[in-house]
Amino acid sequence: MTMTQVAELAGVSQSTVSRVVRGGAGISPQTVAAVRRAMRSIGYQPPRRRAARVKTNMSMSAAANIVLLILDDSIDEHPSMAIAKLAGVQQAAADAKLNLITSRVGSDGTLPPVLESGQFAGALLWGRSLPGHVARALQGVPSVWLTSHGDDDGDRVLEGNAEVGSIAFRYLREHGAQHLAFVCPTRRFTRTLLSGSVFATLAEGAGVPVHMLVESDEDEAENRLGDYRQAIKRLIDRMLEISPRPDGVFVPDDRFAPMVYQQLRERGVEPGREVRVISCNNERSYLEALSPRPATIDLAPDLTGRLAVDHLMVQVRGGSHERSVGVVVQPQLIEGDPI
Numbered sequence: 109m110t111m112t113q114v115a116e117l118a119g120v121s122q123s124t125v126s127r128v129v130r131g132g133a134g135i136s137p138q139t140v141a142a143v144r145r146a147m148r149s150i151g152y153q154p155p156r157r158r159a160a161r162v163k164t165n166m167s168m169s170a171a172a173n174i175v176l177l178i179l180d181d182s183i184d185e186h187p188s189m190a191i192a193k194l195a196g197v198q199q200a201a202a203d204a205k206l207n208l209i210t211s212r213v214g215s216d217g218t219l220p221p222v223l224e225s226g227q228f229a230g231a232l233l234w235g236r237s238l239p240g241h242v243a244r245a246l247q248g249v250p251s252v253w254l255t256s257h258g259d260d261d262g263d264r265v266l267e268g269n270a271e272v273g274s275i276a277f278r279y280l281r282e283h284g285a286q287h288l289a290f291v292c293p294t295r296r297f298t299r300t301l302l303s304g305s306v307f308a309t310l311a312e313g314a315g316v317p318v319h320m321l322v323e324s325d326e327d328e329a330e331n332r333l334g335d336y337r338q339a340i341k342r343l344i345d346r347m348l349e350i351s352p353r354p355d356g357v358f359v360p361d362d363r364f365a366p367m368v369y370q371q372l373r374e375r376g377v378e379p380g381r382e383v384r385v386i387s388c389n390n391e392r393s394y395l396e397a398l399s400p401r402p403a404t405i406d407l408a409p410d411l412t413g414r415l416a417v418d419h420l421m422v423q424v425r426g427g428s429h430e431r432s433v434g435v436v437v438q439p440q441l442i443e444g445d446p447i
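To convert, count from 1 in the sequence shown and add 108; that's the numbering used here.
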């Protein structure tokens, strides 16, 4: 009888079976029970270890390890935010005396060595979705998402994307905007679409005209190369054809703000005075050269990173639960230049 048979019968990965056999930390009681039932049903006996002391040391080592899994290229979309969030993760791990192992997941279906080894107590997840082979390897293992994602389950510590839309709506209205627009050159990111949806819902509920200017799916090809300029140009052309013209614009990502400013000015419309703009992420490198500098919304990525580690360790130490738990970090408005 083999460990592979145990894994198939229990419905878990071989690495999870290995962790149960070694007495590794951070595995749910339900998973442990399922693996042990499978072992008994086929009479599987794990190989003896040479010394009990080695087993103890391995368990202690695994309990001090957490892994950060980079699931796709989304971490490269916002370098300054990623650096801040990773700094929060690293600081929290250091404070808790944990070893942080960072690993990228390839697209070829293979598992990173750290997942194969099972020598870790929990996982932090960064990406848009969890590949099936990784999900199987993490079955029964505490995990926390660091990003908005397409999967419905899993614990997560996220920026308050719904509140972002609310902040943007309130800001534009409080500064006199009567006709609103949401300008976004891509549908790729869950969080931007969520904030835009909330923005539009609040506007419609208040009887304020709002126009959702979002690039259509068929025009996404060029954006996958990271070049959103042509999409922004098309969207601004559409916006300026609207009558009455929007005088308040929510741009859900700071990196799009310079392109919006450029396209407005090329068409003789002055950002700030004629069209008030608010963006999001508080990435100063994109906004510092803009005059007037628009308002933005800070998502506290460093705090998000720290809280994710804290929440993960609550699970590892036995605070598991049947339902997924979401922790939301409150965004904060950062005022722009006075106009």
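C-beta atoms are modelled at their ideal positions from N, C-alpha and C, and glycine is treated no differently. Given the structure is predicted, the values throughout are model-derived calculations rather than measurements.
Inset, instruction - Kindly give me the distance between the Cβ atoms of GLU323 and PRO293, rounded to whole angstroms, as I take these residues to be in contact under 8 angstroms. - result: Mapped onto the sequence shown, residue 323 falls at position 215. Mapped onto the sequence shown, residue 293 falls at position 185. Between GLU323 and PRO293, the beta carbon gap of about 5 angstroms places them in contact (Cβ cut-off 8 angstroms).
Legend entry - Cβ neighbour criterion (16 or more within 10 Å) applied to ALA314: Residue mapping note: residue 314 aligns to position 206 of the sequence shown, counting from 1. Exposed is the call here.
Legend entry - Close Cβ partners of TYR394 (< 7 angstroms) along its chain, the five nearest in sequence each way excluded: Position 286 of the sequence shown, counted from the start, is the residue given in the question as residue 394. If we look at TYR394 and ignore the five residues flanking it on each side, its Cβ neighbours are ASP362, ARG363, ALA365, PRO366.
Legend entry - Length of the line joining the Cα atoms of ASN165 and VAL306: Within the sequence shown, numbered from 1, the residue matching residue 165 stands at position 57. Within the sequence shown, numbered from 1, the residue matching residue 306 stands at position 198. Its pLDDT being 41, under 50, ASN165 is placed unreliably by the model, and the measurement read from it follows with that caveat. Answer to the nearest angstrom: the Cα atoms are 50 angstroms apart.
Inset, instruction - Buried or exposed for LYS205, please, with buried defined as at least 16 other CB atoms from any protein chain shown within 10 angstroms of its CB. - result: Position 97 of the sequence shown, counted from the start, is the residue given in the question as residue 205. When all chains shown are included, LYS205 counts as exposed.
Inset, instruction - Can you tell me the Cβ-Cβ gap for ARG414 and GLN199, rounded? I've got them flagged as a contact below 8 angstroms. - result: In the sequence shown, residue 414 corresponds to position 306, counting from 1. In the sequence shown, residue 199 corresponds to position 91, counting from 1. Indeed they touch by this definition, with Cβ atoms about 6 angstroms apart.
Legend entry - Cβ neighbour criterion (16 or more within 10 Å) applied to SER399: Residue mapping note: residue 399 aligns to position 291 of the sequence shown, counting from 1. SER399 comes out exposed.
Inset, instruction - Ignore the nearest five residues each way along the sequence and tell me which others in LEU420's own chain have a CB closer than 7 angstroms to its CB. - result: Residue 420 sits at position 312 when you count from the first residue of the sequence shown. Hits under 7 angstroms: ILE174, GLY230, LEU232, PRO250, VAL252.
Legend entry - 8 angstroms Cβ cutoff, LEU420 in contact with chain B: Within the model displayed, chain B is absent; a lone protein chain is all it includes.
Legend entry - Enclosing beta strand (DSSP E) for LEU208 [first to last residue]: Taking the sequence shown and counting its residues from 1, the one referred to as residue 208 is at position 100. Residues 207-212.
Legend entry - Coil, strand or helix - ALA142 by DSSP: Position 34 of the sequence shown, counted from the start, is the residue given in the question as residue 142. In the structure shown, ALA142 sits in a helix (DSSP, three-state: H, G or I).
Inset, instruction - Provide the residue(s) that pair with ASN173 in DSSP beta bridges, ordered along the chain. - result: Translated into the one-based positions of the sequence shown, residue 173 becomes position 65. DSSP output for ASN173 lists ASN207 as bridge partner(s).
Legend entry - Which listed residue (ILE209, ILE178, MET320, GLN423) has its alpha carbon closest to that of LEU343: The residue given as residue 343 occupies position 235 in the sequence shown. Comparing Cα-Cα distances from LEU343 to each of ILE209, ILE178, MET320, GLN423, the minimum goes to MET320.
Legend entry - Distance, VAL318 Cα to ILE442 Cα: The residue you call residue 442 lines up with position 334 of the sequence shown. The residue you call residue 318 lines up with position 210 of the sequence shown. Roughly 23 angstroms separates the two Cα atoms.
Inset, instruction - Identify which residue in THR218, SER256, GLN227, GLU267 has its Cα closest to the Cα of ALA243. - result: For the purposes of this step, residue 243 is taken as residue 135 along the sequence shown, with counting starting at 1. The shortest C-alpha separation from ALA243 is found at THR218.
Inset, instruction - Could you check which residue in LEU254, ARG281, LEU280 has the C-alpha nearest to that of GLY268? - result: As a first step, residue 268 must be located in the sequence shown, where it is residue number 160. Among LEU254, ARG281, LEU280, the Cα nearest to that of GLY268 is on LEU254.
Inset, instruction - Give, in chain order, every unbroken run of the beta strand (DSSP E) that is at least 3 residues long and sits entirely within the region 303-375. - result: Listed in chain order, they are 318-322, 356-358.
Legend entry - Distance between THR404 and THR112 (C-alpha atoms, nearest Å): For the purposes of this step, residue 112 is identified with residue 4 of the sequence shown, where counting begins at 1. For the purposes of this step, residue 404 is identified with residue 296 of the sequence shown, where counting begins at 1. Approximately 52 angstroms, taken between the alpha carbons.
Legend entry - Through-space distance from VAL359 to VAL417, alpha-carbon basis: Position 309 of the sequence shown, counted from the first residue, corresponds to residue 417. Position 251 of the sequence shown, counted from the first residue, corresponds to residue 359. Taking the straight line from one Cα to the other gives about 30 angstroms.
Legend entry - Limits of the unbroken alpha helix (DSSP H) element including SER393: Here residue 393 corresponds to residue number 285 of the sequence shown, with the count starting at 1. From DSSP, the alpha helix (DSSP H) with SER393 extends over 392-395.
Inset, instruction - Could you have a look at THR298 and say whether DSSP puts it in helix, strand or coil? - result: Within the sequence shown, numbered from 1, the residue matching residue 298 stands at position 190. THR298: helix per DSSP, three-state reduction.
Legend entry - Proximity test, GLY240 beta-carbon vs the ligand FAD heavy atom, cut-off 7 angstroms: The ligand FAD is not among the ligands present in this structure, which contains no ligands whatsoever.
Inset, instruction - Kindly indicate the opening and closing residues of the beta strand (DSSP E) around ASP406. - result: Position 298 of the sequence shown, counted from the start, is the residue given in the question as residue 406. From DSSP, the beta strand (DSSP E) with ASP406 extends over 404-406.
Legend entry - Buried or exposed by the 16-neighbour rule on C-beta atoms within 10 Å, applied to GLN138: Numbered from 1 along the sequence shown, position 30 holds the residue referred to as residue 138. With fewer than 16 Cβ atoms within 10 Å of its Cβ, GLN138 is classed as exposed.
Inset, instruction - To the nearest angstrom, report how far apart ALA289 and GLY444 are at their CA atoms. - result: Within the sequence shown, numbered from 1, the residue matching residue 289 stands at position 181. Within the sequence shown, numbered from 1, the residue matching residue 444 stands at position 336. Straight-line spacing of the CA atoms in ALA289 and GLY444 works out to 19 angstroms.
Inset, instruction - State the Cα-Cα distance for the pair SER121 and VAL140, rounded to the nearest angstrom. - result: Here residue 121 refers to the residue found at position 13 of the sequence shown. Here residue 140 refers to the residue found at position 32 of the sequence shown. Those two C-alpha atoms are separated by around 12 angstroms.
Legend entry - Residues of its chain near ARG212, where Cβ-Cβ distance is below 6 angstroms and the 5 sequence neighbours each way are ignored: Residue 212 sits at position 104 when you count from the first residue of the sequence shown. These residues qualify, in order along the chain: ILE178.
Inset, instruction - Determine the burial state of ARG161: buried for a count of at least 16 other Cβ atoms within 10 Å of its Cβ, exposed for fewer. - result: Stepping through the sequence shown from its first residue, residue 161 is reached at position 53. Any reading at ARG161 is ruled out, since the residue's pLDDT is 39, under 50, leaving its predicted position unreliable.
Inset, instruction - Take GLN286 and list the residues in its own chain whose beta-carbon comes closer than 8 angstroms to its own, dropping the five residues that flank it on each side. - result: Position 178 of the sequence shown holds residue 286. Once the five neighbours on either side are set aside, the close Cβ partners of GLN286 are VAL316, PRO317, PRO352, ASP355, GLY356.
Inset, instruction - Would you kindly report the start and end of the unbroken beta strand (DSSP E) that includes SER251? - result: Counted from its first residue, the sequence shown places residue 251 at position 143. Unbroken beta strand (DSSP E) run through SER251: 251-253.
Inset, instruction - Look up GLU116 in the DSSP assignment and say whether it is helix, strand or coil. - result: Sequence index remark: in the sequence shown, residue 116 carries index 8 (1-based). Looking at GLU116 - three-state DSSP - the assignment turns out to be helix.
Legend entry - ALA142 burial status per 10 Å Cβ neighbour count (16 or more: buried): The residue labelled residue 142 in the question sits at position 34 within the sequence shown. The residue in question, ALA142, is buried, as its Cβ has 16 or more Cβ neighbours within 10 Å.
Inset, instruction - Consult DSSP for PHE277 and reduce its assignment to one of helix, strand or coil. - result: Walking along the sequence shown from the start, residue 277 turns up at place 169. It is helical.
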